[in-house]
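One structure below.
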Amino acid sequence: MALGGQGFETLVVRRYLTSRRRDGFISLTAILSVVAIALGVAALIVVMSVMNGFRAELFDKILGYHGHVLVQGYGGKLDTYREVADDLRQMPGVARVTPFSESQVMVTHNGEAWGAIVRGFPEDMFKQGGVAVKRVLDGSLEAAPEMGGIVLGYQIARRLGVTAGDEITIVSPKTVSTPFGSTLRFVAYPIAAVVEIGVYQFDESFIGMPLTEAQRFFRLGDSVSNIEVFLDDPARVDAALPDLTSIVGRRAFVRSWKSFNQALVGALQTERVAMFIVLTLIILVAVFNIASSLFMLVKDKAADIAILRTMGASRGAIERIFVTLGLCVGLLGILFGCFLAWVFIANIDAIKSAIEGLLGLNLWDPSVRFITEMRALVNWWEAGLTVAVAVILSFFATLIPARRAARLDPVEVLRYE
Numbered sequence: 001m002a003l004g005g006q007g008f009e010t011l012v013v014r015r016y017l018t019s020r021r022r023d024g025f026i027s028l029t030a031i032l033s034v035v036a037i038a039l040g041v042a043a044l045i046v047v048m049s050v051m052n053g054f055r056a057e058l059f060d061k062i063l064g065y066h067g068h069v070l071v072q073g074y075g076g077k078l079d080t081y082r083e084v085a086d087d088l089r090q091m092p093g094v095a096r097v098t099p100f101s102e103s104q105v106m107v108t109h110n111g112e113a114w115g116a117i118v119r120g121f122p123e124d125m126f127k128q129g130g131v132a133v134k135r136v137l138d139g140s141l142e143a144a145p146e147m148g149g150i151v152l153g154y155q156i157a158r159r160l161g162v163t164a165g166d167e168i169t170i171v172s173p174k175t176v177s178t179p180f181g182s183t184l185r186f187v188a189y190p191i192a193a194v195v196e197i198g199v200y201q202f203d204e205s206f207i208g209m210p211l212t213e214a215q216r217f218f219r220l221g222d223s224v225s226n227i228e229v230f231l232d233d234p235a236r237v238d239a240a241l242p243d244l245t246s247i248v249g250r251r252a253f254v255r256s257w258k259s260f261n262q263a264l265v266g267a268l269q270t271e272r273v274a275m276f277i278v279l280t281l282i283i284l285v286a287v288f289n290i291a292s293s294l295f296m297l298v299k300d301k302a303a304d305i306a307i308l309r310t311m312g313a314s315r316g317a318i319e320r321i322f323v324t325l326g327l328c329v330g331l332l333g334i335l336f337g338c339f340l341a342w343v344f345i346a347n348i349d350a351i352k353s354a355i356e357g358l359l360g361l362n363l364w365d366p367s368v369r370f371i372t373e374m375r376a377l378v379n380w381w382e383a384g385l386t387v388a389v390a391v392i393l394s395f396f397a398t399l400i401p402a403r404r405a406a407r408l409d410p411v412e413v414l415r416y417e
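Those letters in the sequence shown? Residues 1 to 417, per UniProt numbering, in order.
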């Protein structure tokens with residue numbers, strides 16, 4: 001009687017997988033294969049998710065701070081900013097247009113000094129929450145225009161030892177002429193609020209003040225230095241840039257956010273590709289354990305395979321049995337890895353805090369990582385690609401031992417039994 005059919009193959013696979021005997025397929029090697037694949041898949045999904053979260057959070061903060069497109073006045077001044085802003089607002093796809101002034105300064109308080117960047121915003125942005133801050137730590141944004149005060153990044157406040165209600169002195173790098181010669185211009189301002197933006201380099205340099213106050217301090221008259229443009233869809237910035245440039249004409253210079261952060265964008269993309277390749281190699285090493293497990297099983301079960309062949313099992317059936325065995329181990333590892341990744345990502349803050357407490361290390365130093373919080377963002381396309389790569393590698397790892405099992409000569413095997 002010939003043996004064959006899907007039912008026969010499924011029965012043999014199930015018997016091998018569920019055997020409690022020492023020579024069953026659920027051996028230490030097979031268990032290690034499952035664990036190795038699970039760790040490889042979990043590591044790849046978690047690392048790519050953390051990198052996606054870092055990239056999304058960083059770009060969200062950068063775009064919220066700088067805008068999607070920047071219109072810069074020649075020589076640092078844009079006299080016709082009202083007309084330019086009105087023209088830009090008429091363009092379809094433009095969500096918001098904000099004139100502002102920006103310049104580097106030095107701030108001092110009780111003998112402490114620190115470099116910073118002053119950005120002057122229209123007063124209504126303070127009242128409508130248009131200033132791109134993550135949260136207000138002390139004071140009130142709305143109070144800045146009313147009291148002629150400033151908004152301070154919390155890292156500057158920490159370094160100077162100030163809080164809302166204190167005064168700091170802002171020193172302009174531009175000199176003013178006096179009867180006694182040239183001197184630096186400095187003015188004391190009350191602190192209306194201390195804020196966190198969420199990007200370390202902004203938190204240690206940001207000073208926001210009402211636009212009219214900034215124009216007065218920097219002696220711009222009725223001018224601004226820049227206009228930032230926010231689009232409905234930031235991904236369309238390359239397509240919108242020619243139209244924006246045409247609207248502005250020769251009145252100013254137009255640049256997209258990508259030109260300011262070109263090196264950063266390239267570095268992040270290169271890093272993501274490199275990490276994907278490295279972690280895929282971990283999965284590749286893991287699937288070789290499946291191949292070694294199957295080779296060992298073929299060697300141990302040579303007599304059983306020969307008996308099945310003499311009873312009518314075809315070479316194709318034997319090959320499919322061993323391919324299915326290997327894929328079952330691979331799929332079990334992949335599913336376990338996806339579960340581990342989900343648990344890790346769902347509890348990433350708690351796990352990070354536990355590791356930091358155990359090792360006494362700061363795993364997410366904002367001065368190095370730019371942003372102040374670790375964030376994981378799962379890209380389902382990448383997660384699916386990870387699973388697909390693991391399945392394909394598991395499949396190819398089973399082919400050689402499966403074909404070796406199918407090509408065993410029953411006569412030669414049983415001769416020595």
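Don't be surprised by glycine CBs; every beta carbon is placed ideally from N, CA and C. In this text, all values refer to a predicted model and were calculated from it rather than measured experimentally.
- The residues S293, V329, in chain order, have a CB closer than 6 angstroms to that of A30 in the same chain once the five nearest residues on each side in sequence are set aside.
- With respect to the C-alpha of L268, the residue from V151, R55, I318 having the closest C-alpha is R55.
- For E83, the secondary structure class from DSSP, reduced to helix, strand or coil, is helix.
- Looking only at V278, R236, V46, the smallest Cα-Cα distance to L377 is reached by V46.
- With respect to V133, E57 sits apart: the two C-beta atoms are not nearer than 8 angstroms.
- Nearest to F230 by alpha-carbon distance, out of G93, G76, Y16, N52, is G93.
- The stretch 106-124 makes contact with the stretch 155-169: 3 or more CB pairs, one atom from each, lie closer than 8 angstroms.
- Judged by beta-carbon spacing, A38 lies within the 8 angstroms limit of G333, meaning their Cβ atoms are closer than that value.
- The stretch 160-230 contains, as complete beta strand (DSSP E) runs of 3+ residues, the segments 167-178, 181-196, 206-210 (chain order).
- In the structure shown, V133 falls within a coil segment according to DSSP collapsed to helix, strand and coil.
- Contact annotation: V237 and H68 have beta-carbon atoms nearer than 8 angstroms.
- Between the C-alpha atoms of R185 and Q215 there is a straight-line separation of about 14 angstroms.
- Here the alpha carbon of I318 sits roughly 13 angstroms from the alpha carbon of Y16.
- The beta-carbon separation of G120 and E204, rounded to 19 angstroms, does not stay under the 8 angstroms limit for a contact.
- Its chain contains V47 as the residues whose beta carbon lies nearer than 6 angstroms to that of M275, once the 5 sequence neighbours on both sides are disregarded; these appear in chain order.
- The beta carbon of L137 lies closer than 7 angstroms to those of Y154, V194, V195, E196 in the same chain, with the five residues before and after it left out.
- The DSSP-derived three-state label of V265 is helix.
- The alpha-carbon of S103 is positioned some 23 angstroms away from that of R250.
- Contact annotation, T398 with V298: C-beta distance approximately 11 angstroms; criterion of less than 8 angstroms not satisfied.
- Here A252 is not bridged, per DSSP, to any residue.
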